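Student:
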Amino acid sequence: MNLIETKSQNIFNCQTETKNKMPLMEKLAVLSDAAKYDVACTSSGVERKGDGKGIGNCVSSGICHSFSADGRCISLLKILFTNECIYDCKYCLNRVSNDVKRASFTPDEVCELTMNFYKRNYIEGLFLSSGILKSPDYTMELIYETIFKLRTVHHFQGYIHVKAIPGAEKTLVAKTGFLADRMSVNLELPTAEGLKQLAPNKNRKTILKPMRLIQNGITSNKDELTVYKSAPRFVPAGQSTQMIIGATPENDFQIMTVAQSLYQNFDLKRVFYSAFVPVTEDKNLPSLPGGPPLLREHRLYQADWLLRFYKFKAEELLSEETPNFNVLFDPKCNWALKNLDVFPVEINKASYDILLRVPGIGYQSARRIMKARKFAKLNFEDLKKIGVVLKRALYFITCNGKMMYATKIEEDYITRNLLEAMDKKSYGIGDITYKQISLFDTQIQGGCSSGNSLFM
Amino acid sequence: METVFLCEDSMEGIFTGVYDGWASKKGHANIKLELKQCNTFRLFAEYINVKTDAQKARKVSDTVKNKMGEEALIHIMRAALAVDDEKADAIYRTIVVGLALKYKGKVMDCLSNPGVLKVFKLSRTVFYEADHMKGFIRFKELQNGVYFAKIAPKSHLLPIISPHFADRLPNENWMIYDENRGLFSIHAKQKEWVLVEDEQINIDTINKISENEERIQELWKCFFHTVSIKERENYNLQRKNLPIRFRENVLEFNN
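Read top to bottom, the protein sequences are chains H and W. Counted the way the working numbering counts, the first sequence spans residues 1 to 456. Counted the way the working numbering counts, the second sequence spans residues 1001 to 1255.
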């Protein structure tokens, strides 16, 4: 331990002597600006009471402390340790060939910011990522030193999310895992080809290696905890990853398949999707005149929820023939319209798994229906109270054998009615006249081949 | 004739009302619980003033806990903290239904009962507001080393959020002031937190901030602004997630 501390301090002193003169405010501005494209800012997944001596606790659902102008939650102090990066990833603001202001924190500065923000209830904890300074090992060591100080010197028991740096030594990653709540390795781009094209210094193998390492760490730690209850916990909130959407030509089906295999094979807690924001110019990058592909990102998150909580499989939602999500409908609604033979389902009889598949019924409503129908037969009025969105669900359900209104169970009919009821503005499709809808119909049936034009 | 029990707007007051109503043996259908403040008198009803009694309240809460379980008690207690004219009666109905059930622990699943549904909804409202408040509270460090925060919630949140902060900041002296109710929750280092009423707030003391405070506040505002992605700006979403009514007491929204 001492060895590492003195070693890294020595390197640090000579290296940052000149840069240390930059005021903390400026550093914070540079390094939070550089970190903001990382979307993961959740503080969830671990429940930990304070020990009464130190400072901090964790709430399993996470807490949002503020919301920035882009409407995203601010839960953690999201910063890079340094943006002095030796890599040249084409999509990244901090690539070595880009001319931006560079800065590095010292471990003490990160601790000062974290502790002062935490005491004032600005944040739930720290999210520490970093550019690659000198080498992966060197960077990982600095990250380790920082959170080691937070945990032991400042007795900080709040949430810590750190990046495992691909290519860093195994033991360093493992040591860090015992101090952090969540670790993540960014997949960056959905496929190996995309990665090769845009991130010449990274490859799929070095990214998946630490991911597997953390997974194995978590599994063996669980075995340990069953025997020794007070054994130190390894990455208790699990690991997550992130993919950039829209920088490379992958379709939604490819992305969902990758996400699904990550959930299945790497036990990830979350996969995050980040709509590509063109921050640098490069001939390999697409130009996005319509802004970042936010609707596509939204659809991917919806589908991600279906994978994790609604027992859907990627192959059910998309296929080789219709590889992209429908612009107009969410993936679940789209699935229901394509599988009308399943419907209508009887609310008072259908199994939980079937209820989950009805548009307008979320997993909470489904659970409440399961409980409430034990006491009384439910009617549409009850469903409304429970929280079912009837204007969507009514085409797919019966209560005691009756539908809410006389409706046809027919794709065109339901599609038209759902579109009528939809808040069109929120979907960014503006004023659609009745005539235009009938034009759209053919495209809806073909999945969303035309949808791409919105994204490109 | 209907008998109306008027109770104080507090957990103890309502629980005492439940006790008295039950003990009166007038039949549940003939009894109504109302809050003292929001009462408009009707002609054909008998009114009884409930005198808040800690012991009676305790008996009710114990019964609920033992017979209907901890979860039901939490829902009922949260509902009692909400702002609603009919909460007292809803709580009474819920307890009546719950104790009559074969599986008393399942009372909160009977959402088709209007009383239970009301308690459930109120409990959810209070829970969400408390959840928001746990995030949106901003402490500032005063010259005397106390961390001070001011809130203006709709529901009476101090009993819910204070334990959270007592667990989180055991080594700090902190206090939270509920502007709407004139209540304080005060926590001294390594001690239990307490709820204080009728205390005058000393404007001078809370305006004297510590030396470091302004610098930290500036750092936070700087972070708050740089962390937003310009290409994704979406003020509607921001307003949906952090409603305007909270912003008065949230540092980064005030210049």
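A virtual CB, placed ideally from N, CA and C, is assigned to each residue, including glycine. In this text, all values refer to a predicted model and were calculated from it rather than measured experimentally.
1) Determine the chain W residues that contact C73(H) at a beta-carbon separation under 8 angstroms, and present them in chain order.
2) Indicate whether the contact test is met: 3 or more Cβ pairs, each with one atom in the region 76 to 92 of chain H and one in the region 102 to 113 of chain H, closer than 8 angstroms.
3) Does the structure place the region 58 to 73 of chain H close enough to the region 1225 to 1239 of chain W that three or more beta carbon pairs sit under 8 angstroms?
4) Taking CB distances under 8 angstroms as the criterion, tell me whether Q1238(W) reaches chain H.
5) Can you tell me the Cα-Cα spacing of Q1055(W) and F312(H), whole angstroms?
6) Please name the residue, chosen from N1241(W), K1065(W) and K1140(W), that lies closest to E1214(W) on a Cα-to-Cα basis.
7) Could you check whether the Cβ of V277(H) sits closer than 8 angstroms to any Cβ belonging to chain W?
8) Measuring CB to CB, does A1149(W) end up less than 8 angstroms from I1186(W)?
9) Give me the residue from C1038(W), A1023(W) and Q1037(W) with the minimum Cα distance to I1031(W).
10) Closer than 8 angstroms by beta-carbon distance: list the chain H residues that pair up with K1140(W), in chain order.
11) If I follow the unbroken beta strand (DSSP E) through D33(H), where does it start and stop?
12) Going by beta-carbon coordinates alone, are D1131(W) and P1153(W) separated by less than 8 angstroms?
13) I'd like the list of long-range same chain contacts for I1076(W), defined as Cβ closer than 8 angstroms, with 5 residues on each side in sequence excluded.
14) Looking at the secondary structure, which residues open and close the alpha helix (DSSP H) in which T219(H) lies?
15) In three-state terms, what does DSSP make of V1018(W)?
16) When you compare each of K1189(W), T1205(W) and F1184(W) to L1195(W) by their alpha carbons, which one comes out closest?
17) Based on Cα-Cα distance, which residue from L306(H), L356(H), T206(H) and N339(H) lies nearest to T415(H)?
18) Under a Cβ-count criterion, where at least 16 other Cβ atoms within 10 Å of its own Cβ denotes burial, should T1040(W) be classed as buried or exposed?
19) With C1222(W) as the anchor, note down where its alpha helix (DSSP H) starts and where it stops.
20) Run the CB neighbour count on Y144(H), radius 10 Å, all protein chains shown included, and call it buried at 16 or more, exposed below.
21) Going by alpha carbons, who is nearest to L356(H) out of S32(H), A336(H), K374(H) and R373(H)?
22) Are the beta-carbon atoms of M243(H) and V271(H) separated by less than 8 angstroms?
23) Please state whether DSSP places A40(H) in a helix, a strand or coil.
24) Given a limit of 7 angstroms on CB to CB distance, which residues of the region 391 to 405 of chain H reach chain W?
25) Can you check which of these residues, S32(H), A164(H) and V173(H), is closest to S240(H) by C-alpha distance?
26) Distance cutoff 8 angstroms, beta carbons only. Does K1221(W) sit that close to anything in chain H?
27) Is the shortest distance between the beta-carbon of T1094(W) and the beta-carbons of chain H less than 8 angstroms?
28) Identify which residue in K408(H), Q254(H), A406(H) and G158(H) has its Cα closest to the Cα of E320(H).
29) Is there a C-beta anywhere in chain W that falls below 8 angstroms from the one on L24(H)?
30) What does the alpha-carbon distance come out to for the pair G446(H) and F396(H)?
31) So, under 8 angstroms CB-CB, C89(H) and A199(H) are touching, yes? Tell me the CB distance rounded to an integer number of Å.
32) Pop quiz: L189(H) and A247(H) are said to be a contact at Cβ under 8 angstroms. What is the actual Cβ separation, rounded to whole angstroms?
33) Can you name the residues of chain W whose CB is closer than 8 angstroms to the CB of H65(H)?
34) Closer than 7 angstroms by beta-carbon distance: list the chain W residues that pair up with D330(H), in chain order.
35) For V1119(W), go through chain H and note every residue whose CB falls closer than 9 angstroms to its CB, in chain order.
36) Is DSSP giving Y263(H) helix, strand or coil here?
Tutor: So, to answer that:
1) N1241
2) yes
3) yes
4) yes
5) 53 angstroms
6) K1140(W)
7) yes
8) no
9) A1023(W)
10) R120
11) Note, D33(H): premise wrong, no beta strand (DSSP E); alpha helix (DSSP H) at L24 to A35.
12) no
13) V1064, I1091, T1094, I1095, V1119 and S1123
14) R204 to V227
15) helix
16) F1184(W)
17) N339(H)
18) exposed
19) E1213 to T1226
20) buried
21) A336(H)
22) yes
23) coil
24) none
25) A164(H)
26) no
27) no
28) Q254(H)
29) yes
30) Per-residue confidence for G446(H) stands at a pLDDT of 36, beneath the threshold of 50, marking its modelled position as unreliable; no derived number is given.
31) 4 angstroms
32) 7 angstroms
33) G1135 and F1136
34) By Cβ distance, chain W contributes nothing, its closest Cβ being about 17 angstroms from D330(H), past 7 angstroms.
35) Per Cβ cutoff of 9 angstroms: no residues; V1119(W) is ~13 angstroms from chain H at best.
36) helix
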